[in-house]
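Protein chains in written order, with the working numbering: chain A, 1 to 151; chain B, 152 to 302; chain C, 303 to 453; chain D, 454 to 604.
Just so it is clear, CB atoms sit at the ideal spot from N, CA and C, and this is done for glycine as well.
One structure is given here, and the rest of the page talks about it.
There are 4 protein chains.
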Amino acid sequence: MNASNPVALARACAEAMYSRDIAAQELGITVDSVGPGTATLSMVVNERKLNGHGICHGGLIFTLADTAFAFACNSYNVNAVAQHCQISFLAPARLGDRLTAVATEIFKGGRNGLYDIRITNQNGEHIAEFRGASRSIKGAVIAGDEGASAS
Amino acid sequence: MNASNPVALARACAEAMYSRDIAAQELGITVDSVGPGTATLSMVVNERKLNGHGICHGGLIFTLADTAFAFACNSYNVNAVAQHCQISFLAPARLGDRLTAVATEIFKGGRNGLYDIRITNQNGEHIAEFRGASRSIKGAVIAGDEGASAS
Amino acid sequence: MNASNPVALARACAEAMYSRDIAAQELGITVDSVGPGTATLSMVVNERKLNGHGICHGGLIFTLADTAFAFACNSYNVNAVAQHCQISFLAPARLGDRLTAVATEIFKGGRNGLYDIRITNQNGEHIAEFRGASRSIKGAVIAGDEGASAS
Amino acid sequence: MNASNPVALARACAEAMYSRDIAAQELGITVDSVGPGTATLSMVVNERKLNGHGICHGGLIFTLADTAFAFACNSYNVNAVAQHCQISFLAPARLGDRLTAVATEIFKGGRNGLYDIRITNQNGEHIAEFRGASRSIKGAVIAGDEGASAS
């Protein structure tokens, strides 16, 4: 892995982040694929994720999307944090559903990034749509191989 | 508890919802107080809630706020669901912090509701600010004592 | 024009709406193209649109996007209104710029719709990104040729 | 006016901004009051502001709110720009209505600010609710009397 190969760099960042992301591990979130500015993650809705209406807690759908957002905006090995996020809940996610979140970069300029994350279930139904605004901060995701510093 | 006492009704709805909200229980979220259109919930940031940057996962801060939102907008014993939510992350929440989410109703008309949820830590620092739009649907939170049906 | 031709119906709805949309006309907004769930509109930044920083007022960039959103979500000849909108301002729009807003439908189910509107300038620079949630209400855009009633 | 009097400074910033804000002047927006982090502006819905549904164009309601937001976040004589805005439309504004937008600061830290703007009509009805995130940039609103530079 080195910075001259953006896909390898994105993968190395994702591995480093995932190994430290206890919350994502606890929820059974898995990283299906990553690339520069993109990430695909998934999660199964088990009983521990149900809310008072008997469907998947919206907070955990958000958490899946937010994690995909984090992996996408940190894929350049420049630490980035979420500033503002918005989610629209379109259809309920039910016990046993496998949810997949696909993060796409729609803007990157200076320290600012904007990412859309689409959440679907195993039947391709559109469960939720998330938009996140990120900002680069000091530091690298993986030491010794910093990406270009943000301007 | 009966519908002619709005505070008692809100408490009964909260008890019923909490007993079924496995996700909130798993995260150690507690209900500090509820009332008509309001709710105060709290949660401690333990190690299982940390993300890849070593701070509380934003998704779990959202989950705390979203749960307070749910308890506030379901406090009239008319089932309500989240449609759109927005969160701004203002300061990091750290290991050991106790986060408190206070939900306030800022609009209610027809089937639509709008709620603001402020998240602070044990020192009163403003950690995040959440806004949620709800919509009433069919059904009551607790059977046998339905609130006024939504128009 | 009839309801069996969705493109012709979208165009007829756009013509009817534009003829009544005095605000859009006053701002010099023009409709470049429309289709089922889509619309492309544009506007030139003249001196009357500048704000206190000497750049295009963000409210008028929003107004262009919101108008494209309205034309897209009303393209089925079922009256629809904006409920919640979000905009991220990515780069300033300057005097003389021609701004184009392209609206795309990302979800439609029951009475609810979700639309993304991308605003670019004449050089293809990404000026702003807008997301709007719509809800269908009673009535048709053009009389005598109602679309399928919303469920 | 000097920087040691925050109210006078806010007023001086508002006067300077308003004199350059051609868009706000064209829409007949007036500044009712300003203070540190706050602003109250109003506007009458005339025929030129109606949309295709015969009610006030949502973009112009947003523009009123966005202008109040700008005056509030620029009240410290440090240039600030809108980054992300969200609006919920709660009730229609009709021909002849006088709309008032009250901006309140809900967070200020480093270069970041968060402001809520409530829009009501002459009867106190809640027409819309706006939230804006600002970021301080280089420069002062009024020359020769710069506020403390943002950190």
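Flag residue i as yes if its beta-carbon sits less than 8 Å from any beta-carbon of chain A, otherwise no.
i: Cys236/B; result: yes
i: Ala452/C; result: Unreliable placement is indicated for Ala452/C, whose pLDDT of 38 sits below 50; the coordinate value is still reported in the next sentence. Chain A contact via Cβ: absent.
i: Ala174/B; result: yes
i: Gly99/B; result: Outside the displayed span of chain B (152 to 302) sits residue 99/B, for which this structure offers no information.
Among the options, which has the Cα closest to the Cα of residue i?
i: Phe432/C; options: Ala403/C, Asn425/C and Val380/C; result: Ala403/C
i: Phe515/D; options: Val487/D, Gly563/D and Cys538/D; result: Cys538/D
i: Ile421/C; options: Ser344/C, Val380/C and Leu397/C; result: Ser344/C
i: Asp97/A; options: Ala24/A, Ala16/A, Ile55/A and Ala23/A; result: Ile55/A
i: Gln327/C; options: Ala435/C, Ser306/C, Val346/C and Thr340/C; result: Val346/C
i: Arg547/D; options: Ala521/D, Leu513/D and Ile570/D; result: Leu513/D
i: Tyr18/A; options: Pro36/A, His126/A and Ala68/A; result: Ala68/A
i: Leu329/C; options: Ala318/C, Leu401/C and Tyr417/C; result: Leu401/C
i: Asp605/D; options: Pro459/D, Glu500/D and Leu517/D; result: Residue coverage of chain D in this structure runs from 454 to 604, which leaves residue 605/D outside it and unanswerable.
i: Ile482/D; options: Ala523/D, Phe560/D and Val460/D; result: Ala523/D
i: Val534/D; options: Ser390/C, Arg413/C and Asn381/C; result: Ser390/C
i: Gln122/A; options: Val7/A, Pro6/A, Pro92/A and Tyr115/A; result: Pro92/A
In the DSSP assignment, find the alpha helix (DSSP H) that holds residue i and state where it starts and stops.
i: Ser88/A; result: No alpha helix (DSSP H) holds Ser88/A; the beta strand (DSSP E) holding it covers Ala80 to Phe89.
i: Asp519/D; result: Gly511 to Cys526
i: Leu462/D; result: Pro459 to Arg473
Taking C-beta to C-beta, are residue i and residue j nearer than 8 Å?
i: Gly203/B; j: Arg20/A; result: yes
i: Ala72/A; j: Glu105/A; result: yes
i: Ala190/B; j: Ala254/B; result: yes
i: Gly434/C; j: Asp519/D; result: no
i: Ser528/D; j: Val487/D; result: yes
i: Ile268/B; j: Cys164/B; result: no
i: Ile324/C; j: Glu578/D; result: no
Span of the beta strand (DSSP E) holding residue i?
i: Gly35/A; result: Thr30 to Gly35
i: Tyr115/A; result: Asn112 to Thr120
i: Ala143/A; result: Ala143/A -> no beta strand (DSSP E), and no H or E assigned at all.
i: Leu178/B; result: Looking at the DSSP string, Leu178/B is not in any beta strand (DSSP E), and its letter there is neither H nor E.
i: Ile206/B; result: Note, Ile206/B: premise wrong, no beta strand (DSSP E); not H, not E.
i: Arg131/A; result: His126 to Ser136
i: Leu552/D; result: Arg551 to Gly562
i: Leu343/C; result: Thr340 to Val346
Tell me whether residue i is buried or exposed, calling it buried when 16 or more other Cβ atoms sit within 10 Å of its Cβ.
i: Leu462/D; result: buried
i: Gln83/A; result: buried
i: Lys351/C; result: buried
i: Leu543/D; result: buried
i: Asn379/C; result: buried
i: Ser453/C; result: The predicted position of Ser453/C is uncertain, since its pLDDT is 35 and thus under 50; a value taken from the coordinates is nonetheless stated next. Result: exposed.
i: Gly411/C; result: exposed
i: Gly264/B; result: buried
i: Gly590/D; result: Residue identity differs from the one stated: residue 590/D is Ile in this sequence, not Gly. When all chains shown are included, Ile590/D counts as exposed.
i: Ser149/A; result: Note that Ser149/A has pLDDT 43, beneath the 50 cutoff, so the model's placement of it is unreliable and no number is given.
i: Gly339/C; result: buried
State yes or no: is the beta carbon of residue i nearer than 8 Å to at least one beta carbon in chain B?
i: Ile580/D; result: no
i: Arg584/D; result: yes
i: Arg20/A; result: yes
i: Leu99/A; result: no
i: Ala70/A; result: yes
i: Leu60/A; result: yes
i: Gly37/A; result: no
Quick one: is residue i near chain C, going by C-beta distance under 8 Å?
i: Ala465/D; result: no
i: Asp485/D; result: no
i: Ala566/D; result: Reading off the sequence shown, one finds Gly at residue 566/D, where the question assumed Ala. Taking Cβ atoms only, chain C never reaches closer than 8 Å to Gly566/D, which makes this a no.
i: Ser528/D; result: no
i: Ser136/A; result: no
i: Gly481/D; result: no
i: Ala405/D; result: The structure shown does not extend to residue 405/D, since chain D spans only 454 to 604, so no value can be given for it.
Are any of the Cβ atoms in chain D nearer than 8 Å to that of residue i?
i: Phe258/B; result: yes
i: Leu352/C; result: yes
i: Met168/B; result: no
i: Thr342/C; result: no
i: Asp418/C; result: no
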